[in-house]
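Residue numbers for the sequence shown, in our numbering: 226 to 610.
Virtual Cβ for every residue (Gly too), placed ideally from N, Cα, C.
Since the structure comes first, as structure tokens, the remarks are kept for the end.
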Amino acid sequence: MERGRVFATGLTISLVGFCGTSSVVLAGLQSAGATPGQAASGLAALCLVHGLAMWWMAQRTRMPVALAWSLPGVALLAAGSVPDGGWPAAVGAFLVTGVLIILTGLWPTLGRLVSSIPAPIAQAMLAGVLVPLCLAPVSGVIEEPLLVVPILVIWLLLMRLAPRWAAPAAFLVGIVLLIVLVLRSGEQAGPLLPTLEPVMPAFSWSALIGITVPLYIVTMASQNVPGVAILSSYGYTAPWRHTMSVTGLGTVIAAPFGGHAINFAAVTQAMGASADAHSDPGQRWRAVRAAGLVQVGLAASATALTTLVAVAPAVLAAVAGLALLPSLASSLSASMKASEPGLREAAVVTFVVAVSGVTVFDIGAAFWALLAGLAVYAALRIGRR
């Protein structure tokens, strides 16, 4: 019975993560300049690398350390534009992000520097990035009502009955509708078999500042720190240095194939660390190990998924927007929890600049939002104790 529960939990961890957010990954990578084939390669690389990394962490530490790709990070990409230097420059930015994650584990000062950024400002930046993406279901109802409305109905119904499964269910309904659309049209389907398309990284200052810096900060502040807190709440001491090394190395390996960042899981972390995985806390790591193996298997579906969503891109955008609504809600809430003088105003400025979507010197709004928020916060604190 316990063995069946372990596998069921591992399967659930993988399906919730993949079905709930893979649409966001595809949208984000294509916004950063990837072709559909390169985006599929990035999704497959993320599945392979983070699945193997999760298997390794569980096997090595005997703790339920669940990993995931950076959802806020790829949302940041989806809200941005193609960097100067195109897709190779974005790949270079991903690679440098991985190096920074490794250094965070090896050099504690870097971790403390990131932690010194006030949480409301970091969360306001993320919220501002998410707003345009979360508007996609609204425009989708106008563009593709016969496809998007059923997705919204299923999502709303599941939010009432089983919130954890709302986004995955919306994703699956969207896939079924797209399959029906393809079959009825009689058109020849595109490529279905998974392929990895390596790209030689390029490096530009605008990509490093506009992608690496915000991607690293939101990955640390919105994924790694909460993931450690959730794991600790179940009585486990998170292997911080080892996890940073493994996820950073995984990011470096996945980057040339289009993978953006790997980190501690947040939502699925609780699933693997709770009694749902196993009655014995010392055996819950087995569920995470199973999840890692399932995740590796899901890599095979990346190309077929990309081919399907190309039939009606509005469906992909709508599903991605629905999947990001909980992240938007939590980010908005956290950004307004400011007790220090001037911090709430700084968070509001950060949010407004991020929503604006401005690009200056080929550097996207996320970086300027963070810079503006910190500048306002510093200015309002001058002369105060």
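Is the CB-CB distance between residue i and residue j below 9 Å?
i      : j      : result
Ala486 : Val316 : no
Val231 : Ala500 : no
Phe489 : Ala291 : yes
Gly298 : Gly473 : no
Leu372 : Ala270 : no
Tyr461 : Val339 : no
Ala502 : Arg511 : yes
Val513 : Ile238 : yes
Leu268 : Ala524 : yes
Pro186 : Thr286 : The structure shown does not extend to residue 186, since the chain spans only 226 to 610, so no value can be given for it.
By Cβ distance below 8 Å, which residues in the same chain neighbour residue i in space, the five residues on each side in sequence not counted?
i      : result
Leu541 : Ser248, Leu251, Ala252, Gly399, Val534
Ala303 : Val249, Ala252, Gly253, Ser256, Leu358, Ala545
Val578 : Gly353, Ala590, Trp593, Ala594, Ala597, Gly598
Leu236 : Ala515, Ala516, Val519
Within 10 Å of its beta-carbon, does residue i have 16 or more other beta-carbons around it, so buried, or fewer, so exposed?
i      : result
Gly258 : buried
Pro289 : buried
Glu369 : buried
Pro345 : buried
Arg509 : buried
Val601 : buried
Met425 : exposed
Val363 : exposed
Gln348 : buried
Ala387 : exposed
Thr334 : exposed
Ile376 : buried
Leu568 : buried
Trp390 : buried
Write down the C-beta distance between residue i and residue j rounded to the nearest angstrom, noting that I regard them as a contact closer than 8 Å.
i      : j      : result
Thr493 : Gly242 : 5 Å
Gly507 : Trp280 : That pair is no contact at about 18 Å.
Met350 : Pro451 : Not really, about 16 Å apart at Cβ, beyond 8 Å.
Pro566 : Leu605 : 7 Å
Ala446 : Ile342 : 7 Å
Thr444 : Ser295 : 4 Å
Phe576 : Ala265 : No, Phe576 and Ala265 are not in contact; Cβ-Cβ is about 33 Å, not under 8 Å.
Val354 : Val366 : At roughly 22 Å, the Cβ-Cβ gap does not stay under 8 Å, so Val354 and Val366 are not in contact.
Gln263 : Gly483 : 5 Å
Val574 : Ala597 : 5 Å
Thr468 : Met282 : 7 Å
Leu421 : Ala537 : Not a contact, Cβ separation roughly 26 Å.
Ala527 : Pro419 : 5 Å
Thr437 : Val321 : 5 Å
Ser612 : Gly330 : Outside the displayed span of the chain (226 to 610) sits residue 612, for which this structure offers no information.
Spatial neighbours of residue i within its chain, please: CB distance less than 7 Å, with the 5 preceding and 5 following residues excluded, ordered by chain position.
i      : result
Asp309 : Ser429, Ser431, Ala432, Asp587
Ala491 : Gln448, Pro451, Gly452, Ile455
Gly475 : Val274, His275, Ala278, Ile487
Ala427 : Gly310, Pro313, Ala314, Gly317
Pro393 : Leu240, Val241, Cys244, Gly245
Phe396 : Cys244, Gly245, Ser248, Val544
Gln284 : Arg514
Phe592 : Ile434, Gly435, Val438, Pro439
State yes or no: is the C-beta of residue i nearer than 8 Å to some heavy atom of the ligand GDP?
i      : result
Pro506 : Looking at this structure, you won't find the ligand GDP or any other ligand, since it has none at all.
Less than 6 Å between C-beta atoms, sequence neighbours within five positions excluded: which residues of the same chain meet that for residue i?
i      : result
Leu595 : Met350
Notebook entry, point to check: Below 8 Å, can you find three or more Cβ-Cβ pairs linking the stretch 588 to 596 to the stretch 377 to 392?
Noted result: The stretch 588 to 596 is not in contact with the stretch 377 to 392.
Note to self: Would the stretch 546 to 555 count as touching the stretch 349 to 364 if we require 3 or more Cβ pairs under 8 Å?
What the structure shows: A contact exists between the stretch 546 to 555 and the stretch 349 to 364.
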